[in-house]
Each structure stands twice: as C-alpha cells, then as structure tokens.
Amino acid sequence: MEVSSSEPSSPFPSTFPIPLHSIFLSDRAQERAQITSTPPLMVISRFATRIRSNSPKIGSLAAESESTRPDSELTRRVLKPNLSGNSFSCPIPDSLQKKSNSGLLLLTGNKCTEKTSRKAGIHVIGLVITAVVAVLLLILAFIVYKRRQDMQQVPQPGGKITDSNFVEVQLKTQKFTKKELEKITGNFMKVIGGGGFGSVFSGTLKDGTTVAVKKLSESSDQGPDEFLTEAQNLSMLHHKNLLLLVGYCEDPSCLALIYEYMSQGTLEDHIRGNRETLSWRERLRIALEAAEGLEYMHKGCRTPIVHRDVKSSNILLGENLEAKVSDLGLARAFRSKDEATITKACGTRGYADPEYFRTNMLTVKSDVYSFGIVLLEIITGLPPIIERDCHLLQHINKKLQSEDITSVIDRRLEGDYDVNSVWKVFDLAMSCTQKESARRPTMSQVVAELKESLDLETHYVQSQVMYGDNISISGSMHSNTDATGHIRAVSAYSVNHASPSGNWENEAAYMLGPSVR
C-alpha cells in the first residue's frame, strides 16, 4: 500500500509503500478523533529500523512512546486508508478485515488472484497434457498405419480365393481365364511334372514363350491357402534365383499358377534321376545360386521369409543350369527378428529341422538345416532317407566309422574334383545340420563359404586345362576319432605336374576335415 502525505512541502517522500500489517492508528489519534470529531491522524514515530535499498522487504513502521521531532513533522493528516479495487496475491488477513468491518479501512471490491493464478496454472497443465496425448495418438496412428502397410506388402497365408485377395497379384502378373489356359496347354495334354498339389503342364503363350502351368487338383495336399500364398509370394519377390511367376488363374474350377519354364528339370533329377550327371563344379554353382535365392528371402525382404520346404526337388534348373528356388506355397513371413511360432507341420521328411518339431519355433535357421541336407545330397548323390528309414546323416556317420570319406562321395564324380573344395562343402553341410539352430551359420555365411569352394574348384579345373595330361593327383582320405569322440576326416593328397623345364614338381597338402556326428 502507498500512503500519501497531505503536505506537499514535507521532507518525507510524497508516497511510500508499507506492508498492510504495519497500518495502525495510535491510541492518541483515536482519542483525538473521538474528542474533536476530526479525521484521525496516523502518528508515525521515528523508524525503529533503517530501510535499506537492498532489503528484501519494506521494514515495518513501529512507533515509539515519545516523539523526537516536532509533532508537525511527525504527524500527517491521513484520510481513511482506501484499499478498495486492489488485486491481492494472497487472502486478506482477518485483522484487516475486522478494521474494514469497523470502518477504519475501505476494502470493498478487492479480489484475491491466488485462485485465479491457480486456475491459470491448472489450465496450462491441462493444455500440456492434451498436447502430449495428441502427439502420442499421432505416433500410435502412424505405427498402426505402417503395420497395415506391411501387412499388405508381406505375403501371409490363409486367405480365400477372391478378387480382393488378388489385388497385389493383378498389379504385377497377368490374369488368365480357364479357356485361355486350355488353349495355352492344349487342353492340359502335356504333363511335365507333378506332386501333392496336382500336375504341371507345358504350355506356350501367344508370343511363343514356353511356360509351366501348375494346376491345383481337387485332392491337392497344398490347398487354396498355400496356392494363394505362393501366388502372393512370387508376385512380390523378385530375384534372379527365385522362380518367376508369369500369371495366374483364379477360376474355382481351375486354380492355376503360370511360371517361367525351366527346361533342365530339378536338381534332384540330375543327382539321382535320369538326367545327365552334373560335375562337381556344376553342383557347386547350382548350390551357390540356390543359397543366394534363400539369402534374399531371409535378408533382402522387409521382413524375413522362411521357405519351410527347401529340398533338391524344389531347386529348378534352366537351359544353362541356372538355379532357381521354387514352390513357395509353404513360405511364411514373420515379424519378429529371429523367430515365430508355427503350429502347422511343414516341410518334407528328411529335410525338416528337428528343432522345429521340438519347439514349434520357426526360424531362418530351419531353412539352413534343410539346405545342409541338400549339400549332403550334392556330395553323396543319395536321398535324405535311405536304407529303411535311415537318415542320410546316420548313414554318413556309420560309413565313416569303418571307411574313409571317399566311401560317401558320389561315385559318379569319378574323383574329378578338388579335394579342398569337397571338404569345405562337407564341413559346411555339417555346420548347417547342427542340432541346435544357434550353432548353424546364416545363409549369408553359407553363400560366402560356397563362393570360396567354387573358387577352389575353378582353380583346379583351370590347372587341368593348363597342364592337361602332364598332371596327376594322388592321395588318400581317411577318418579318425578326436579327443571328444567325434569322427574327423583327414585327407592327404599330392599334386604332381610338369614344370616348364619338363621336370616333375610336387605339391603336397594335408587337410583336417570336419567332425562328423
């Protein structure tokens, strides 16, 4: 509050602030007001404390019993203090309220800003909370939107055969009618393959392109769900080592998929079928290309895709023996980094990951296991199940107990291969088929190892061409048992070739093979 002096010539400041609790009327002033009926005087005696400029608050005015200055200098006529129309930052004290009630103060029209400030603070907090909630809702909406986008882009099994299900397929592949397929295939006359899903027919498009038509039979083990999944998978996955989908037919009486034609059949046909025997170098190149296709499914897609049915009959070969992975009807995309729970059994006997059957947990390492079995097929020329339900791994282990490693290498290779290259692939196959998936390599590691093996074999072939008849390779491969009880294969070989001077030079090498379980 500021108190004004009634005498302009006063030596005191014309106005000065004082705390409300320092406002008082002396007893003498009250008596004088009662006797003379004059306005009361506020008597201000000598200050008890000096007011300093750096004081945190204005000092209280306290009166002494006797004046030290003339009364004319110490007293000032003051009107009744008028504190009306103010905005106080705290509630008015009861003592001042009593003075107001007794007429000694005017306090009308005052308001306390404490509640207003509190309300303003609550309002600000409310706005902040609202803004935070709005931001969180926007983030949540964005996450949901992205997941829905992923769901549309990642193939998932279980859909029905309807036009809406084929929206993605229609955008990227050609749709055929039943009549068109009958014309393309000559009324489904030339059968070139088949399986649990139905039959595969040869056909020719209008531009002369040869295609393979995979027609789903009514008794198919695959079913419409897998049919749809394969159509979606192949329409959205594009890699040089994945089979190309040309088109589809969704007629209920003629569900069919149209593929590029792979004239050399399957890898299985060449390993143990009636097709021409493949050299070790050709087998390596086919294995490498198939591995690159699987690597793309595991790492090249937005979400990893597990094939779930990797086997030699699902690796198709083109005119120049280029390899492409096919039959993605059981392929499954999953969103977690490493695994997903799958309750439906999948895969082919002999190729399926044993850990999967124990845990029902699907991982990319399940494909790695199956591919390891394919590598053993390439080495041995044998199927995964032989000799009355004996698994290929058991067969190899049994053979190596009493014989050397040559007893399990495909005899049709006739020894025409680089020893180091064969051993490197054998070691890789053993790693891929470890019982614990965590101990298996990734497909990227498999690809790297196969490239090294192919380089070794290529160098061997070039040496054969360079030296011709002037080179001879002799050696032996045997097995022994290491300290852990595992069988290890050891090879020792000698390469003799004629030097430019005509003298024979010898290069000897020893190699410790992998442990065999």
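Using my numbering, read the sequence shown as starting at -13 and increasing by one per residue.
No residue lacks a Cβ here, since even glycine has one placed at the ideal position from N, Cα and C.
Whose C-beta lies closer than 6 Å to the C-beta of L264 among residues of the same chain, with five residues either side of it excluded? H256
As a quick exercise: from N227, E212, V232, pick the residue whose alpha carbon is nearest that of T195. V232
Ends of the beta strand (DSSP E) at S188? 184 to 190
Please specify which runs of the beta strand (DSSP E), each continuous and at least 3 residues long, are wholly inside the segment 344 to 426, giving them in chain order. 347 to 349
Below 8 Å, can you find three or more Cβ-Cβ pairs linking the segment 426 to 440 to the segment 265 to 275? yes
For A309, does the count of other Cβ atoms within 10 angstroms reach 16, so buried, or fall short, so exposed? buried
Scan the segment 209 to 266 and note each continuous beta strand (DSSP E) run of 3 residues or more that stays entirely inside, going in chain order. 231 to 237, 240 to 246
Can you grab the Cα-Cα spacing for the pair L167 / K176, in whole Å? 13 Å
In angstroms, rounded to a whole number, what distance separates the CA positions of I372 and K161? 42 Å
Please state the DSSP three-state secondary structure of A277. helix
Kindly indicate the opening and closing residues of the beta strand (DSSP E) around T196. 196 to 202
Check the DSSP bridge columns for Q160 and list the partner residues they point to. G233
Taking 7 Å as the cut-off, decide whether the C-beta atoms of N219 and L314 are in contact. yes
When the Cα of I178 is compared with those of K169, R344, K201, which residue comes out closest? K201
By the three-class DSSP mapping on this structure, what secondary structure does V177 have? strand
Apart from the five residues on each side of it in sequence, which residues of its chain come closer than 7 Å, Cβ to Cβ, to E278? N227, V433
By how many angstroms is the C-alpha of V186 removed from the C-alpha of L386? 40 Å
Pair within 7 Å by beta-carbon distance, H284 and M416: no
Quick one: what does DSSP say A117 is sitting in, helix, strand or coil? helix
Among T444, P369, I291, the one whose alpha carbon lies nearest that of V405: T444
What are the boundary residues of the beta strand (DSSP E) that includes K310? 309 to 311
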